[in-house]
Amino acid sequence: MGAYDIIEISSIEFAERIGASQQTASRRLKDLEKNGLITRVISHKGQAIRITREGLDLLQKIYLLLNSIFAQKVQELSICKLEGEIFSGMGEGAYYVMQKGYLEQFEKKLGFNPYPGTLNIRLKKQPDLQIRRVLESDAYPGIVIAGFKDKQRTFGAVKCFRVKINESLPGALLLIRRTHYRDDVLEIISPKFLRDALNLKDGDKIGVTIELTNSNT
């Protein structure tokens with residue numbers, strides 16, 4: 009029921025079920041439709057709603073993540089995969105990555121010295137955006153690179169996850185609180201210059217496999 013069948017519901021009933029105003033409920037349905045997560049057919053009786061394949065994929069990913077957080081199982085979800093497009097950043101990655109306070113911790117906690125710069129990936133799919141937001145939460149501690157101060161300024165803490173880029177080259181995802189980018193961007197470091205190593209250019213699609221069981225221990 010619901011996952012594969014068509015649901016007929018009025019906007020008033022939907023608003024009551026989610027505990028929101030009719031205007032808010034209508035806006036949320038429009039957003040879901042715009043993002044390709046549902047289809048709607050509106051009639052004088054209300055609307056017929058079906059969850060799309062992309063919507064089901066998102067629900068499954070969220071279910072697996074939440075299940076790995078709350079369910080007491082021996083085997084938890086250990087990896088997830090995100091996809092996006094390469095784009096050129098603002099050129100600030102090298103400056104931050106090469107700070108001594110970060111470099112020493114990258115080598116100790118991640119096991120490599122990064123190439124001076126980050127590979128920037130913009131997520132395009134709604135399920136991947138949701139997964140990235142979950143990774144920023146306390147549900148997954150990741151590997152924490154502690155913040156520090158020098159004579160000029162303060163550098164904030166960074167949460168990291170070990171990754172494989174295109175299922176081959178090692179690296180790490182940096183989740184930075186103080187960043188100019190929106191939450192649809194992945195910033196990746198690696199011991200290699202990834203653009204050369206993988207022959208990448210702006211607009212190319214790329215996959216990132218994230219190890220969710222990373223921790224500081």
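Residue numbering for the sequence shown follows our numbering, starting at 9 and increasing by one per position. The beta-carbon is built from N, C-alpha and C at its ideal position, and this holds for glycine as well. Keep in mind that this is a model prediction, so the values were computed, not measured.
Residue span of the beta strand (DSSP E) that contains residue i, given as start and end
i           : result
residue 232 : What the structure shows of the chain is the stretch from 9 to 225, and residue 232 is not part of that stretch, so it cannot be assessed.
residue 135 : Unbroken run through residue 135 is the alpha helix (DSSP H), 134 to 144; no beta strand (DSSP E).
residue 55  : 54 to 59
residue 186 : Here residue 186 belongs to no beta strand (DSSP E), and DSSP marks it neither H nor E.
Alpha-carbon to alpha-carbon, residue j and residue i
i           : j           : result
residue 58  : residue 212 : 32 angstroms
residue 31  : residue 50  : 16 angstroms
residue 205 : residue 147 : 33 angstroms
residue 210 : residue 95  : 5 angstroms
residue 109 : residue 21  : 55 angstroms
residue 29  : residue 40  : 17 angstroms
residue 69  : residue 24  : 27 angstroms
residue 88  : residue 142 : 12 angstroms
residue 60  : residue 17  : 17 angstroms
Start and end residues, alpha helix (DSSP H) containing residue i
i           : result
residue 209 : Note, residue 209: premise wrong, no alpha helix (DSSP H); not H, not E.
residue 4   : With the chain covering only 9 through 225, there is no way to say anything about residue 4.
residue 196 : No alpha helix (DSSP H) contains residue 196, which is instead part of the beta strand (DSSP E) from 193 to 197.
residue 109 : 108 to 113
residue 37  : 30 to 42
Where residue i falls: helix, strand or coil (DSSP)
i           : result
residue 167 : strand
residue 20  : helix
residue 162 : strand
residue 118 : helix
residue 200 : coil
residue 175 : coil
Nearest residue (CA-CA) to residue i, options the options
i           : options            : result
residue 14  : 46, 25, 39 and 124 : 46
residue 163 : 62, 106, 66 and 23 : 106
residue 137 : 18, 34 and 43      : 43
Residue i: CB within 7 angstroms of a non-hydrogen atom of the ligand NAD
i           : result
residue 127 : Absence of the ligand NAD is noted for the structure shown, with no ligands found whatsoever.
For the region 206 to 224 against the region 99 to 110, are there 3 or more C-beta pairs whose distance is under 8 angstroms? no
Check whether the region 125 to 137 and the region 181 to 198 are in contact - that is, three or more C-beta pairs closer than 8 angstroms. yes
Taking three-plus beta-carbon pairs below 8 angstroms as touching, is the region 145 to 163 in contact with the region 107 to 115? yes
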